[in-house]
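Undergrad: Below you'll find the structure I mean.
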Amino acid sequence: MRALRRWTLVAGVWAIAATAVGLIALLDTSGDAAQRAAGQAAGRVATLERGQARLARRARDLQRRLAEVPSTRDTETLEQRVAAAEKDSAGAASDAKAAGDRAGKLERRIATLEQAPAQGPSDAADPPGAADPPPGE
């Protein structure tokens, strides 16, 4: 970027020098035509100087904008973080699906148990601790 600005400034200086040489050549002639030509040349010089200043300002703005652009390292770090987040979200979606499947199975089992005919007391499960063997036997 600095090289571009340097070459732009060099080209501007050469343009001004060439214009000055042209003005000197025009001033060597006599008459109103020479004065008009000198005035026109001075106007062109002023236009060139304004253009050069505008170009230098744009180069500075571009350099400032390039300085604000994130580096490759920053971009790579961000891409890695995004990839990790995508992987985590895929795992979470898989876990949520598995949990939903398990909940559906449990709901079906509960519904099946609720619809089963009531069994007699002889077939019913013993209440906890009713006929538990003593420990160690």
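With my numbering, the residue at position 72 of the sequence shown is 70, and numbering never jumps. Where is the CB? At the ideal position from N, CA and C, for every residue including glycine. All values derive from a computational prediction rather than experimental measurement.
(1) Between residue 57 and residue 2, how many whole angstroms is the CB-CB distance? I'm expecting something under 8 Å.
(2) In the structure shown, what three-state DSSP assignment does residue 69 receive?
(3) Quick one: Cα of residue 50 to Cα of residue 78, how far?
(4) For residue 39, does the three-state DSSP call read helix, strand or coil?
(5) Within its chain, find whatever has a CB closer than 8 Å to the CB of residue 39; leave out the 5 residues flanking it on each side and keep chain order.
(6) Can you give the Cα-Cα distance for residue 120 and residue 100, rounded to whole angstroms?
(7) Beta-carbon within less than 8 Å of residue 64's beta-carbon, same chain only, minus the 5 sequence neighbours each way: which residues are those?
TA: Looking at the atomic coordinates:
(1) For the purposes of this step, residue 57 is identified with residue 59 of the sequence shown, where counting begins at 1. For the purposes of this step, residue 2 is identified with residue 4 of the sequence shown, where counting begins at 1. The pair is a contact, with the Cβ atoms about 6 Å apart (cut-off 8 Å).
(2) The sequence position of residue 69 within the sequence shown is 71, counting from 1. Residue 69: coil per DSSP, three-state reduction.
(3) Working through the sequence shown from its first residue, we reach residue 50 at position 52. Working through the sequence shown from its first residue, we reach residue 78 at position 80. If you take the alpha carbons of residue 50 and residue 78, they lie about 44 Å apart.
(4) Residue 39 sits at position 41 when you count from the first residue of the sequence shown. Helix, per DSSP.
(5) Within the sequence shown, residue 39 is the residue found at index 41, counting from 1. Here the set comprises 17, 20, 21 and 24.
(6) In the sequence shown, the residue the question calls residue 120 occupies position 122. In the sequence shown, the residue the question calls residue 100 occupies position 102. Its pLDDT being 48, under 50, residue 120 is placed unreliably by the model, and nothing is read from it.
(7) Locating residue 64 in the sequence shown gives position 66, where the first residue counts as 1. The answer, listed in chain order, is -1.
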